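A.B. asks: Just so we're aligned, residue 1227 is where the sequence shown starts under the numbering used here, counting upward by one.
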Amino acid sequence: MSEHNPGLRPWRDIARRQSRQIMVGNVPVGGGAPVTVQTMTNTLTHDVKATIDQIRRCEDAGVDIIRVSCPDEESTAALKQIVRAARVPIVADIHFHYKRALEAADAGAACLRINPGNIGSAARVKEVVDAAKANNCSIRIGVNAGSLERDLLEKYGEPCPEALVESALDHIKLLQDQDFHEYKVAVKASDVFLAVAAYMQLADAVDCPLHLGITEAGGLIGGTVKSAIGIGNLLWAGIGDTIRVSLSAEPEEEVRVGYEMLKTLGIRTRGVKVISCPSCARQGFDVIRTVQALEERLQHINTPLSLSVLGCVVNGPGEARETDIGLTGGGNGKHMVYLSGVTDHTIQDADMVDHIVRLVEAKAAEIEAAASDAGQVQAAE
């Protein structure tokens, strides 16, 4: 019930922009590959244990790619151990110091985040590109409205979409002059209007994969809203191959928010999609606390499925018909449980959360078993 079938409901269909595909380690980006979710560690990279612990939490949240900052030799020295421990590709974030890029490529980084124009002479750019080629390392060009080149600021007077795109094209040319094409590009800004306009212009100008983000978006709530408006607009328009939600929050929260965006748009599904009401005086149980408890208890579920939790019978039955599992509040602490859209049984307040968790776990196991059986049948054919 949680699947999205293209063409069945055409108003939900998103026609993705066609791009070349590159590899970030073993993860394809662009060219029709699933939109990937990224985050960035905020530990000191040379603190290997703290960094790996944070990477583990992000992996548990479903991250596809993780970036770590490499501002000094200590960090790139630690990178080899971090790359070995990580289960996902690691991107090394490099600013200005081209030697850090060389060290990171040799240490096993799957991708280098650099701006070729900021690392010095053509000879230095060639050294970085050669190191990337030798280590099967891709490159992410990261243009940011807050750090545009002085000549572009003088030319345009202020950061604007044209300035961001021109900066991106200048950096791209430096890589193409070295016959290097394994790159993706970001044109980020903290201004949503500026970022969206720049990405739309860039999408028409290049064929490489695009990395989406609204930079310096803010805290968990403000940054989530801002990012959802900006990144969501672009994804809905079919633009974007990998996303990073920038929040002043723990990186695993960035991952969860990123997946929620993709789930909302039907682009990717992972874990439980919860549909719940804001609650009111009609509620038969404490909806807010129940949803909080369920979201916390169901984070371990990776299987895509849907759960509706509504406090009363006004919209509860209708939403339950569209979800895998539904819960609707009733009178006297007696609530209705729906399975695959059909009324099935009632449940009392006391055991409600535990009961729903068990139902979700059982449904996830059933979906996984059916998918496994289908795969075995296809293999046999």
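Virtual Cβ for every residue (Gly too), placed ideally from N, Cα, C. Note that the structure is a prediction, hence the values are computed from the model and not measured.
So which of Ala-1454, Ile-1447, Pro-1387, Gly-1439 has the shortest CA-CA distance to Leu-1428?
C.D. replies: Working through the sequence shown from its first residue, we reach residue 1428 at position 202. That would be Pro-1387, whose Cα lies nearest to the Cα of Leu-1428.
A.B. asks: Quick one, which of Asn-1341, Val-1274, Asp-1332, Ser-1245 has its alpha-carbon nearest Asp-1356's?
C.D. replies: The residue you call residue 1356 lines up with position 130 of the sequence shown. Ranking the options by Cα distance to Asp-1356, first place goes to Asp-1332.
A.B. asks: Would you be able to state if there are at least three C-beta pairs under 8 angstroms between the region 1472–1483 and the region 1501–1510?
C.D. replies: No: fewer than three Cβ pairs fall under 8 angstroms.
A.B. asks: Using beta-carbon positions only, say whether Ala-1312 and Val-1250 come within less than 8 angstroms of one another.
C.D. replies: Residue mapping note: residue 1312 aligns to position 86 of the sequence shown, counting from 1. Residue mapping note: residue 1250 aligns to position 24 of the sequence shown, counting from 1. No, the Cβ-Cβ distance between Ala-1312 and Val-1250 is not below 8 angstroms.
A.B. asks: Touching or not, the region 1301–1315 and the region 1483–1499, by the rule of three or more beta carbon pairs under 8 angstroms?
C.D. replies: No contact exists between the region 1301–1315 and the region 1483–1499.
A.B. asks: Measure how close the beta-carbons of Asp-1290 and Val-1314 come, nearest whole angstrom, since I'm counting them as under 8 angstroms.
C.D. replies: Here residue 1290 refers to the residue found at position 64 of the sequence shown. Here residue 1314 refers to the residue found at position 88 of the sequence shown. Indeed, because the Cβ distance is near 6 angstroms, the residues count as touching under 8 angstroms.
A.B. asks: Based on Cα-Cα distance, which residue from Ile-1593, Gly-1466, Glu-1375 lies nearest to Ile-1527?
C.D. replies: In the sequence shown, residue 1527 corresponds to position 301, counting from 1. The shortest Cα separation from Ile-1527 among Ile-1593, Gly-1466, Glu-1375 belongs to Ile-1593.
A.B. asks: Could you name the residues of the same chain whose beta carbon sits closer than 6 angstroms to that of Gly-1567, not counting the 5 residues immediately before and after it, in chain order?
C.D. replies: Within the sequence shown, the letter at position 341 stands for residue 1567. Answer for Gly-1567: Arg-1547, listed in chain order.
A.B. asks: Nearest by alpha-carbon distance to Asn-1459: which of Ala-1431, Val-1418, Asp-1279 is it?
C.D. replies: Residue mapping note: residue 1459 aligns to position 233 of the sequence shown, counting from 1. Taking only the C-alpha atoms, the option nearest Asn-1459 is Val-1418.
A.B. asks: Inspect the CB distances between the region 1361–1381 and the region 1444–1453 and report whether three or more fall short of 8 angstroms.
C.D. replies: Verdict: no, contact absent.
A.B. asks: Grouping DSSP H, G and I as helix and E and B as strand, with all else coil, what is Gln-1188?
C.D. replies: Limits of the chain in this structure are 1227 at one end and 1607 at the other, which puts residue 1188 out of reach.
A.B. asks: Is the region 1341–1348 touching the region 1318–1328 in the sense that three or more CB pairs, one from each, lie closer than 8 angstroms?
C.D. replies: The region 1318–1328 vs the region 1341–1348: in contact.
A.B. asks: From the DSSP output, in three-state form, read off Ser-1534 for me.
C.D. replies: For the purposes of this step, residue 1534 is taken as residue 308 along the sequence shown, with counting starting at 1. Ser-1534 falls in the strand class under three-state DSSP.
A.B. asks: According to the Cβ coordinates, are Arg-1366 and His-1437 closer than 8 angstroms?
C.D. replies: Here residue 1366 refers to the residue found at position 140 when the sequence shown is read from its first residue. Here residue 1437 refers to the residue found at position 211 when the sequence shown is read from its first residue. Taking 8 angstroms as the Cβ cut-off, Arg-1366 and His-1437 qualify as a contacting pair.
A.B. asks: Taking 8 angstroms as the cut-off, decide whether the C-beta atoms of Ser-1472 and Ile-1440 are in contact.
C.D. replies: Counting from one through the sequence shown, the residue named residue 1472 turns up at place 246. Counting from one through the sequence shown, the residue named residue 1440 turns up at place 214. It is a contact, given that the beta carbons lie within the stated cut-off.
A.B. asks: Among Val-1294, Gly-1257, Pro-1236, which residue has its Cα nearest to the Cα of Asp-1273?
C.D. replies: The residue you call residue 1273 lines up with position 47 of the sequence shown. Closest by alpha carbon: Val-1294.
A.B. asks: Hey, how far is the Cα of Asp-1580 from the Cα of Trp-1237?
C.D. replies: Against the sequence shown, residue 1580 aligns to sequence position 354. Against the sequence shown, residue 1237 aligns to sequence position 11. Asp-1580 and Trp-1237: Cα-Cα distance of roughly 37 angstroms.
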